[in-house]
Amino acid sequence: MSDFVYCLHMKYHIITFGCQMNISDSERISSMLESLNYKETSVLKEADLVVINMCSVRQPAVDRVYGLIPQFTALKTKNKGFKTVLTGCILKPERTKLNEIFDFILDKEQLNKWPELLRGKEIEAKKSDYLKIVPKYKNKIQALVPISNGCDNFCTYCAVPFTRGKLISRNHKEILKEVNDLVIKGYKEIWLLGENVNSYNSKGVNFSKLIKEIDKIPGKFWLRFTSPHPKDFSDELIKTLKESNKFVPYLNLPVQSGDNIILREMNRPYTREKYLTLVDKIKKVFNNNISISTDIIVGFPNETEEQFKNSERLMKEVRFDLAFISQYSPRPQSFSCEKLEDNVLKKIKKRRAISLNNILKKTAFENNQKLLNKEVDVLVLEKDKEYCTGRTDQNKAIRFKSNEDLSGKFVKVKIIKVTAWNLEGILVKPKIVVILGSTASGKTDLAIDLAKKFNGEIVSADSRTIYRGMDIGTAKPRDTKGVPHHLIDIISPDEDFNVALFKQEAIKKIDEIIEKGKLPILVGGTGLYIKSIVENLEFPQIKADEKLRKRLEKKTTEELFETYKGLDKEGSEKIDRNNRRRLIRAIEVSSFLNESFFKERKKEPIYDILQIGIKINKEELEERIRKRVDKMIKQGLEKEVKKLSKKYGFIIPPMQTIGYREWENYFNKKETLENTIEKIKINTVKFSKRQMTWFKKDKTINWI
Ligand code: SF4
Numbered sequence: 034m035s036d037f038v039y040c041l042h043m044k045y046h047i048i049t050f051g052c053q054m055n056i057s058d059s060e061r062i063s064s065m066l067e068s069l070n071y072k073e074t075s076v077l078k079e080a081d082l083v084v085i086n087m088c089s090v091r092q093p094a095v096d097r098v099y100g101l102i103p104q105f106t107a108l109k110t111k112n113k114g115f116k117t118v119l120t121g122c123i124l125k126p127e128r129t130k131l132n133e134i135f136d137f138i139l140d141k142e143q144l145n146k147w148p149e150l151l152r153g154k155e156i157e158a159k160k161s162d163y164l165k166i167v168p169k170y171k172n173k174i175q176a177l178v179p180i181s182n183g184c185d186n187f188c189t190y191c192a193v194p195f196t197r198g199k200l201i202s203r204n205h206k207e208i209l210k211e212v213n214d215l216v217i218k219g220y221k222e223i224w225l226l227g228e229n230v231n232s233y234n235s236k237g238v239n240f241s242k243l244i245k246e247i248d249k250i251p252g253k254f255w256l257r258f259t260s261p262h263p264k265d266f267s268d269e270l271i272k273t274l275k276e277s278n279k280f281v282p283y284l285n286l287p288v289q290s291g292d293n294i295i296l297r298e299m300n301r302p303y304t305r306e307k308y309l310t311l312v313d314k315i316k317k318v319f320n321n322n323i324s325i326s327t328d329i330i331v332g333f334p335n336e337t338e339e340q341f342k343n344s345e346r347l348m349k350e351v352r353f354d355l356a357f358i359s360q361y362s363p364r365p366q367s368f369s370c371e372k373l374e375d376n377v378l379k380k381i382k383k384r385r386a387i388s389l390n391n392i393l394k395k396t397a398f399e400n401n402q403k404l405l406n407k408e409v410d411v412l413v414l415e416k417d418k419e420y421c422t423g424r425t426d427q428n429k430a431i432r433f434k435s436n437e438d439l440s441g442k443f444v445k446v447k448i449i450k451v452t453a454w455n456l457e458g459i460l461v462k463p464k465i466v467v468i469l470g471s472t473a474s475g476k477t478d479l480a481i482d483l484a485k486k487f488n489g490e491i492v493s494a495d496s497r498t499i500y501r502g503m504d505i506g507t508a509k510p511r512d513t514k515g516v517p518h519h520l521i522d523i524i525s526p527d528e529d530f531n532v533a534l535f536k537q538e539a540i541k542k543i544d545e546i547i548e549k550g551k552l553p554i555l556v557g558g559t560g561l562y563i564k565s566i567v568e569n570l571e572f573p574q575i576k577a578d579e580k581l582r583k584r585l586e587k588k589t590t591e592e593l594f595e596t597y598k599g600l601d602k603e604g605s606e607k608i609d610r611n612n613r614r615r616l617i618r619a620i621e622v623s624s625f626l627n628e629s630f631f632k633e634r635k636k637e638p639i640y641d642i643l644q645i646g647i648k649i650n651k652e653e654l655e656e657r658i659r660k661r662v663d664k665m666i667k668q669g670l671e672k673e674v675k676k677l678s679k680k681y682g683f684i685i686p687p688m689q690t691i692g693y694r695e696w697e698n699y700f701n702k703k704e705t706l707e708n709t710i711e712k713i714k715i716n717t718v719k720f721s722k723r724q725m726t727w728f729k730k731d732k733t734i735n736w737i
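Numbering of the sequence shown is given in this note's numbering, commencing with residue 34 and proceeding in unit increments.
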């Protein structure tokens with residue numbers, strides 16, 4: 034058929050018409066072409082290969098394919114290697130006509146053989162299960178997962194059974210694996226697709242069972258599907274959807290007509306009464322918290338004014354949130370095209386479509402008005418200038434102002450403005466609790482009590498409990514009473530860690546806890562760590578300057594401090610002058626930025642925070658610290674430090690902290706055990722005072 038040869042650096046462009054199923058098919062076509070080293074281009078005229086994924090459901094979509102032909106002819110004269118492929122839902126009469134125009138007409142079901150077919154090989158390409166091909170997903174948040182292909186229903190107006198063939202359900206294990214992989218990759222919304230999605234049945238696993246299985250996949254994601262057939266919408270399915278913790282309340286339930294005679298003529302095996310009963314049942318089970326859309330056709334052959342009015346009445350009765358209203362167009366091969374006359378005038382079809390659209394606009398607006406001042410769950414899909422945009426759980430388009438790009442996150446938004454098609458709101462910040470105070474003040478016990486009472490999980494804001502192996506000297510919580518603790522034991526003492534990394538990790542954990550519907554409780558005594566979250570501090574991303582570091586390493590700690598003081602006088606009053614690593618970093622940052630290392634760069638806070646501080650009088654605190662150090666000694670602190678010092682020495686920053694650094698002289702026989710313990714006690718008391726000085730500056734803390 035062709036001498037077409039594909040080679041490196043060739044570009045492809047896909048134009049997709051029609052439904053989500055076609056969009057999903059295009060993702061598989063992309064994947065196949067990229068396995069042949071093609072690169073995708075979004076610019077048609079740059080492409081060496083253009084694939085048209087056609088839709089034959091309505092005539093306008095077919096007309097648009099013909100509309101592209103002049104462009105292809107022009108491109109062929111410029112690029113001799115330019116080739117075109119037609120695929121998708123192609124009816125027989127179109128196939129014959131378009132065969133003359135396109136270089137290849139290939140079926141998606143032969144996708145695994147496209148490499149040979151594109152080379153022009155005359156091979157027998159049997160139809161295969163092309164859904165097995167792993168797609169190149171176009172979106173990073175929402176994914177389309179076909180669960181079946183084809184349809185056996187033969188609605189009289191529809192060409193799908195002729196273009197896609199008989200219904201074939203995908204193996205449920207393959208679907209579960211695809212969904213599971215997507216969730217692991219971070220996808221937040223999964224759409225199950227099928228021409229008649231609820232007729233799904235694979236080896237005894239029906240659609241309800243499939244949803245129950247998907248429900249077991251761990252992780253937070255939203256599950257939606259399209260399109261179900263009312264005849265297959267069982268009570269079992271409604272119950273499954275209600276009980277599912279992944280399905281979100283939006284249903285597209287195609288009615289096609291509100292008149293019983295037209296429904297019969299369409300070969301839709303239900304009546305308007307049955308449809309209305311089904312909608313009522315669904316709304317009741319979901320306590321009216323579900324949005325319902327439909328597909329409806331006007332101007333089906335012989336549709337009288339009265340029959341159309343039945344469609345109007347049905348639209349008013351159901352009060353849809355959305356509807357895909359189409360004017361009937363005969364599709365070749367379909368029963369209505371072959372046997373019935375397309376006898377409703379174009380202008381009447383148009384008038385009827387406008388009339389249904391007006392009803393829809395009114396009901397959709399009234400439905401949305403009920404959401405005013407309510408908080409809704411939103412999946413953020415994009416950030417565009419000052420707005421984040423997304424979809425509510427009921428699949429309504431929404432936007433809200435935000436400085437942060439929250440794409441891919443679930444958030445709550447309070448609705449302040451509505452139209453028929455859009456919502457606008459303000460972001461409701463997630464609530465978190467912070468428990469802070471000096472060392473030995475009893476923060477952990479209070480946090481565990483609160484977590485038990487309010488279904489919480491704890492995120493540690495302690496700069497030392499992050500290190501593995503530093504257990505006794507950091508008073509790492511031993512008995513967490515079943516309350517999950519995060520950011521403990523996450524790195525080894527010789528690994529680099531800083532407040533910017535802490536903030537990143539803490540936000541990740543906090544968001545995960547919120548997604549689980551639980552209360553995050555941030556607990557610790559490291560003031561800067563807490564502040565980084567509370568005030569959403571920004572940290573400059575300045576890479577390590579190895580040359581400068583080498584030079585600085587040669588200086589004594591005192592010299593480092595003096596160098597830093599010369600650069601940043603204000604900062605030198607705040608820094609720990611004994612912390613070499615911090616001094617080096619401070620010199621690096623302040624010399625690069627030419628501003629104070631301690632300059633705070635705050636952004637709009639992410640969370641709605643309640644800060645609880647624990648205050649204890651000085652004498653009692655000193656007493657507690659002394660007792661705690663004695664307990665650490667009994668628990669084997671000396672052994673722990675010995676083990677760590679053998680592995681890392683005392684030079685690394687964690688080993689220069691209180692409870693660890695004091696042992697160096699003792700191990701070198703320059704200090705007695707008694708004095709070492711006393712030094713730990715004194716240093717800890719001093720440290721607790723510094724902690725309180727830091728916290729007292731924050732006037733938003735509620736002290737108890
Ligand atoms: S259910 Fe009817 S309208 Fe839907 S794909 Fe099948 S034949 Fe077409």
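Beta carbons: idealized from backbone N, C-alpha and C, even for Gly. Just so it is clear, the structure is predicted and the values come from calculations on it, not from any experiment.
Would you mind sorting residue i into buried or exposed? The rule is 16 or more other CB atoms within 10 Å of its CB.
{"i": "T726", "result": "exposed"}
{"i": "M34", "result": "In this prediction, M34 has a pLDDT of 42, which is less than 50 and means its spatial position is unreliable; what the coordinates show is noted afterwards. Looking at its Cβ environment, which holds fewer than 16 other Cβ atoms inside 10 Å, M34 is exposed."}
{"i": "A480", "result": "buried"}
{"i": "T304", "result": "exposed"}
{"i": "Y99", "result": "exposed"}
{"i": "Q104", "result": "exposed"}
{"i": "V713", "result": "The identity of residue 713 in the sequence shown is Ile, whereas the question assumes Val. With 16 or more Cβ atoms within 10 Å of its Cβ, I713 is classed as buried."}
{"i": "K664", "result": "exposed"}
{"i": "D81", "result": "buried"}
{"i": "L456", "result": "buried"}
{"i": "E706", "result": "Rather than Glu, the amino acid found at residue 706 in this sequence is Leu. Result: exposed."}
Tell me residue i's beta-bridge partners as DSSP assigns them.
{"i": "Y786", "result": "Because residue 786 is not part of the residues shown, which for the chain are 34 to 737, the question remains open."}
{"i": "G599", "result": "Partner(s): none; G599 has no beta bridge."}
{"i": "W255", "result": "E222"}
{"i": "I323", "result": "I323 pairs with nothing; no bridge assigned."}
{"i": "L552", "result": "G489"}
{"i": "E606", "result": "None, per the DSSP bridge assignment."}
{"i": "V461", "result": "K445"}
{"i": "I524", "result": "Y500"}
{"i": "T189", "result": "T189 pairs with nothing; no bridge assigned."}
Would you check whether the ligand SF4 has a heavy atom nearer than 7 angstroms to the C-beta of residue i?
{"i": "F266", "result": "no"}
{"i": "E228", "result": "yes"}
{"i": "C88", "result": "no"}
{"i": "C191", "result": "yes"}
{"i": "F195", "result": "no"}
{"i": "F135", "result": "no"}
{"i": "F357", "result": "no"}
{"i": "N186", "result": "yes"}
{"i": "H519", "result": "no"}
{"i": "H205", "result": "no"}
Short check: CB of residue i to CB of residue j, under 8 angstroms?
{"i": "M688", "j": "P526", "result": "yes"}
{"i": "L552", "j": "G646", "result": "no"}
{"i": "N611", "j": "T596", "result": "no"}
{"i": "Q360", "j": "A397", "result": "no"}
{"i": "K218", "j": "F254", "result": "no"}
{"i": "L439", "j": "C421", "result": "yes"}
{"i": "S202", "j": "Y163", "result": "no"}
{"i": "L555", "j": "I546", "result": "no"}
If you draw a straight line from the C-alpha of residue i to the C-alpha of residue j, how long is it?
{"i": "L243", "j": "K476", "result": "46 angstroms"}
{"i": "K169", "j": "L139", "result": "19 angstroms"}
{"i": "L355", "j": "N390", "result": "9 angstroms"}
{"i": "E621", "j": "A577", "result": "8 angstroms"}
{"i": "V312", "j": "S344", "result": "15 angstroms"}
{"i": "V467", "j": "I734", "result": "9 angstroms"}
{"i": "E338", "j": "D292", "result": "11 angstroms"}
{"i": "F115", "j": "I85", "result": "14 angstroms"}
{"i": "L469", "j": "P517", "result": "18 angstroms"}
{"i": "P194", "j": "L270", "result": "25 angstroms"}
{"i": "F728", "j": "I691", "result": "19 angstroms"}
Hey, is residue i's beta-carbon within less than 8 angstroms of any beta-carbon in chain B?
{"i": "L581", "result": "Of the protein chains in the structure, only one exists, and it is not chain B."}
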